[in-house]
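Just below is one structure, and these are the notes that go with it.
In the numbering used here, the protein residues as written are 189 to 321.
Here you go:
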């Protein structure tokens with residue numbers, strides 16, 4: 189199982205590198221492009237207690253901005269957790285109140301490793317794992 193997950197991640201990363209290498213640019217010589225895959229440090233979260241949907245699930249280590257939009261009928265919170273004592277217990281960023289259809293951002297400095305985004309209320313929370321490489 190571990191080998192299959194690793195192969196999938198390597199395949200996704202390889203596909204991303206291949207697409208980047210084949211892309212064309214309209215940037216004039218001497219100008220820098222506004223965004224390359226290495227420069228993208230943003231995650232979009234569609235948040236509800238039933239489904240915490242985050243994209244992309246693999247980001248580059250560094251300062252990451254999370255833009256969360258509530259698709260819940262309730263006010264919810266969105267938190268980012270780092271591992272602590274074998275579980276994702278160390279909250280490193282939080283949007284305390286996200287009202288229905290509201291969008292807010294939070295930022296965190298991520299080292300390489302796994303993190304979890306939690307969306308929900310005190311009674312019901314869903315989580316999504318992301319990885320910084």
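Yeah, the Cβ is synthetic: ideal placement off N, Cα and C, and Gly gets one too.
Helix, strand or coil at residue i according to DSSP, with G and I counted as helix
i           : result
residue 263 : coil
residue 246 : strand
residue 237 : coil
residue 312 : coil
residue 290 : coil
residue 321 : coil
residue 273 : coil
residue 303 : strand
Assumed close pair residue i, residue j - CB separation to whole angstroms, cut-off 8 Å
i           : j           : result
residue 303 : residue 283 : Actually they do not touch by this definition, with Cβ atoms about 15 Å apart.
residue 243 : residue 257 : Going by Cβ atoms, the distance from residue 243 to residue 257 rounds to 12 Å, so no, they are not a contact pair.
Below-8 Å beta-carbon distance, residue i vs any chain C residue
i           : result
residue 269 : Within the model displayed, chain C is absent; a lone protein chain is all it includes.
Same chain, Cβ closer than 7 Å to residue i, neighbours up to 5 away in sequence not counted
i           : result
residue 321 : 246, 248, 249 and 300
residue 309 : 237, 262 and 264
residue 229 : 247, 248, 250, 251, 252 and 253
residue 314 : 237, 238, 239, 240, 307 and 308
Close beta carbons around residue i, own chain, < 6 Å, minus the five adjacent residues each side
i           : result
residue 259 : 234 and 236
residue 274 : none
residue 272 : 278
residue 281 : 268, 294 and 296
residue 287 : 263
residue 316 : 240, 242 and 305
residue 276 : 269 and 304
residue 298 : 249, 252 and 320
Close beta carbons around residue i, own chain, < 8 Å, minus the five adjacent residues each side
i           : result
residue 290 : 257 and 258
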